[in-house]
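*Asks:* If you read the sequence shown in our numbering, its first letter stands for residue 282, the second for the next number, and so on.
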Amino acid sequence: MTPPPMLDGPHVAPAPLRVALLGLGTVGREVARGLLTCGSRLEQAANGREVRLVAVADREPARFEGLDLRDVERVDDGARLIGRPEIDVVVELIGGVETAGRLVAAALEAGHAVVTANKALLARHGADLERLARAHGTALRFEAAVGGAIPVLAPLAGDLAANRIDAVRGILNGSTNYVLTSMTEDGAAYEDVVAQAKTLGFLEADPRVDLEGRDAVDKLAVLIRLAFGVWPDVTAIRRAPPALDGRAQDHAKDHAKGDGPPGVTGVTAALIEAARRENLVIKLVAYAARGDDGRIAAWVLPVAVPAHDPLARTDGPENRIEIVGEPVGRVAFVGQGAGGAPTSSAVLGDLLAIARGEGSTWAGLPQAPTLAPDRLVDGMDAPRRWLTCDQTGGGGDKGGNADNGGGADNGGNADTGGGAITDRATIDELRARLGAARPGAVLFPVLEGS
Ligand SMILES: NC(=O)c1ccc[n+]([C@@H]2O[C@H](COP(=O)([O-])OP(=O)(O)OC[C@H]3O[C@@H](n4cnc5c(N)ncnc54)[C@H](OP(=O)(O)O)[C@@H]3O)[C@@H](O)[C@H]2O)c1
């Protein structure tokens with residue numbers, strides 16, 4: 282019998298994975314804390330490879346305080362750490378698009394692996410960054426960009442890769458879900474809840490990013506890349522419900538005329554009450570599906586969700602993401618969509634995956650091209666049931682657009698004949714039938730199936 286081969290020599294510990302962390306804000310501080318205080322747990326999970334924080338960057342020196350950074354280099358500008366041979370991975374947690382984009386691109390070109398939580402950057406420059414990462418043979422991971430703490434992107438690209446993905450839907454923005462939940466459960470007025478959400482730190486520095494649905498469409502774009510293998514033009518994804526008369530005011534500079542206010546900015550107490558009477562709950566839902574013709578239908582809209590649907594029961598800052606595919610059926614991912622500590626879980630998980638040599642978030646999936654503009658639709662031309670509600674008045678200063686196109690009794694928008702469920706009809710049919718009689722009314726889709 283042949284003896285087993287001899288193992289040659291004593292065990293040699295793998296070289297540490299050396300991490301530079303850019304941005305010590307809400308998420309960055311928690312990632313730093315994890316790297317500094319949970320070393321042995323992380324090392325075990327990385328097949329015995331140490332994950333070592335070697336450098337941090339933040340513009341504000343006070344952000345270094347309260348962390349044990351004795352053996353860690355500190356700089357005031359992330360750019361100073363890019364291209365250094367003693368750094369393996371750059372973690373970008375500064376946010377924003379321009380500077381962060383330059384730093385991430387430079388890091389990939391220099392051969393660093395990159396971890397980022399930056400959905401705004403990925404939604405706008407994901408195709409270019411993916412090309413760069415592949416061209417330079419480096420890993421780009423971004424689990425925290427969608428759903429904060431919730432592991433959904435790596436499972437979508439990996440565990441679910443055997444499926445034909447048909448649809449993705451979910452509640453992707455905890456701040457707006459908090460606003461809608463408070464309005465629904467406490468009968469609170471929009472302005473009061475938004476003010477409260479600001480105080481609690483639930484809203485971005487520019488609240489329009491959340492309230493107008495921009496954050497949710499960014500996340501949806503990233504989901505579309507992994508579910509359908511294309512990077513969509515995020516600015517073309519619908520995030521305002523259609524107006525009944527088709528001539529409504531231009532509610533946001535970058536939004537189409539003929540639409541109501543974007544995101545949750547047109548949600549009023551009257552709309553929520555009208556929904557409740559029909560056993561429906563208003564939620565800001567993100568949706569994308571691939572049609573038989575290969576086109577992608579995508580939108581982020583306030584929709585009327587049947588009260589029994591799990592999306593209707595996703596409350597407060599919680600997120601829920603559902604993937605529908607063949608043969609898996611429907612799977613759901615639920616958890617904290619934001620917050621420094623929960624989100625650090627996803628960033629640290631990406632670092633462990635890089636330490637284990639698992640590559641990019643897209644795993645073995647082929648390179649994703651940019652989706653041709655005519656392949657992205659909003660699917661709103663199909664007949665469906667709608668909740669019509671006379672607008673507006675829910676939002677006060679809803680991001681700087683003063684003209685809300687109708688009654689301005691903020692928060693107390695009396696039900697002046699709105700709040701009716703239509704039969705199954707197209708927008709055009711309803712406009713022809715009701716448009717003239719209901720100027721200023723907005724059509725909120727009633728969610729059906731997936
Ligand atoms: N917060 C969450 O719950 C959450 C959840 C999921 C994903 N994310 C994403 O994670 C990223 C970080 O979010 P965050 O909430 O942690 O942001 P944050 O609290 O604003 O922290 C960003 C930090 O980076 C610093 N910074 C900006 N530019 C810099 C540069 N060039 N060099 C060094 N430091 C720089 C900022 O300093 P200044 O304050 O001086 O600008 C700030 O301290 C964003 O992309 C965000 O979308 C956040």
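Just so it is clear, CB atoms sit at the ideal spot from N, CA and C, and this is done for glycine as well.
Helix, strand or coil for Q648, going by three-state DSSP, please let me know.
*Replies:* Coil, per DSSP.
*Asks:* Output the boundary residues of the beta strand (DSSP E) element that contains R299.
*Replies:* Where R299 is concerned, the enclosing beta strand (DSSP E) stretches over L298 to L303.
*Asks:* Figure out for me which residue from F423, G306, E311 and S321 has the closest Cα to the Cα of P297.
*Replies:* Closest by alpha carbon: S321.
*Asks:* Are at least three pairs of beta-carbons, each pair with one atom in the stretch 420–429 and one in the stretch 647–667, less than 8 angstroms apart?
*Replies:* Result no; under three Cβ-Cβ pairs closer than 8 angstroms.
*Asks:* Could you have a look at N682 and say whether DSSP puts it in helix, strand or coil?
*Replies:* Its pLDDT being 31, under 50, N682 is placed unreliably in this model, and the coordinates cannot settle the point.
*Asks:* When the Cα atoms are used, what is the spatial distance from T703 to A588?
*Replies:* Roughly 18 angstroms between the two C-alpha positions.
*Asks:* Buried or exposed for T480, going by 16 or more other Cβ atoms inside 10 Å?
*Replies:* Exposed is the call here.
*Asks:* Comparing C-alpha positions only, which one of V335, G407, T465 and N444 sits nearest to A585?
*Replies:* Per the Cα distances, T465.
*Asks:* What number of angstroms, rounded off, separates the C-alpha of P598 from the C-alpha of R450?
*Replies:* Looking at the two C-alpha atoms, the distance is approximately 17 angstroms.
*Asks:* Out of curiosity, what's the CA-to-CA distance linking R519 and V581?
*Replies:* About 6 angstroms.
*Asks:* Using the three-state DSSP reduction, which class does L504 fall into: helix, strand or coil?
*Replies:* Reduced to three states, the DSSP call for L504 is helix.
*Asks:* Given a cut-off of 9 angstroms on the beta-carbon distance, is the pair G376 and G306 in contact?
*Replies:* Cβ distance < 9 angstroms, so G376 and G306 count as in contact.
*Asks:* Would you report the Cα separation of P295 and R422, rounded to the nearest angstrom?
*Replies:* Going by the C-alpha atoms only, they are around 21 angstroms apart.
*Asks:* Look at the alpha carbon of F345 and the alpha carbon of A414, and state the distance between them as a whole number of angstroms.
*Replies:* Spanning the two alpha carbons is a distance of roughly 30 angstroms.
*Asks:* Any heavy atom of ligand 1 within a distance shorter than 8 angstroms of the CB on V308?
*Replies:* Yes, since a heavy atom of ligand 1 falls inside the 8 angstroms radius drawn around the Cβ of V308.
*Asks:* In angstroms with no decimal places, state the Cα-to-Cα distance between I553 and P726.
*Replies:* In a straight line, the C-alpha of I553 is about 13 angstroms away from that of P726.
*Asks:* Put N694 into one of helix, strand or coil per three-state DSSP.
*Replies:* Since pLDDT at N694 reaches only 33, below the 50 mark, its modelled position is unreliable, and the value read off the structure follows with that caveat. Coil at N694, not helix or strand.
*Asks:* On the DSSP letters alone, give me the boundaries of the beta strand (DSSP E) that E354 sits inside.
*Replies:* Taken as a continuous stretch (DSSP letters only), the beta strand (DSSP E) holding E354 covers E354 to V356.
*Asks:* How about the stretch 617–627 and the stretch 465–475: do they share at least three Cβ pairs that are nearer than 8 angstroms?
*Replies:* The answer is no - the stretch 465–475 does not touch the stretch 617–627, with fewer than three Cβ pairs under 8 angstroms.
*Asks:* Within 10 angstroms of its Cβ, does V293 collect 16 or more other Cβ (buried), or is it exposed?
*Replies:* So V293 ends up on the exposed side.
*Asks:* Measure the C-alpha to C-alpha separation of G455 and A497 and round it to an integer number of angstroms.
*Replies:* C-alpha separation (whole angstroms): 9 angstroms.
*Asks:* For the stretch 501–520 against the stretch 552–570, do three or more pairs of beta-carbon atoms, one drawn from each stretch, fall closer than 8 angstroms, so that the two count as touching?
*Replies:* Contact between the stretch 501–520 and the stretch 552–570 is present, because at least three Cβ pairs lie under 8 angstroms.
*Asks:* Where do the ends of the alpha helix (DSSP H) carrying T307 lie?
*Replies:* Element bounds for T307: T307 to T318.
*Asks:* Does DSSP put N454 in a helix, a strand or coil?
*Replies:* N454 falls in the coil class under three-state DSSP.
*Asks:* Looking only at its own chain, which residues have a Cβ that is under 7 angstroms from the Cβ of R355, when we skip the five neighbours before and after it?
*Replies:* Closer than 7 angstroms at Cβ, skipping near neighbours: V337 and F345.
*Asks:* Figure out for me which residue from K400, I368, A327 and A381 has the closest Cα to the Cα of G392.
*Replies:* Nearest C-alpha to G392: I368.
*Asks:* If you run the structure through DSSP and keep just helix, strand and coil, what is E639?
*Replies:* Note: E639 maps to coil in three-state DSSP.
*Asks:* Look up A627 in the DSSP assignment and say whether it is helix, strand or coil.
*Replies:* Correct three-state label for A627: helix.
*Asks:* Is the beta carbon of T546 closer than 9 angstroms to that of L492?
*Replies:* Yes.
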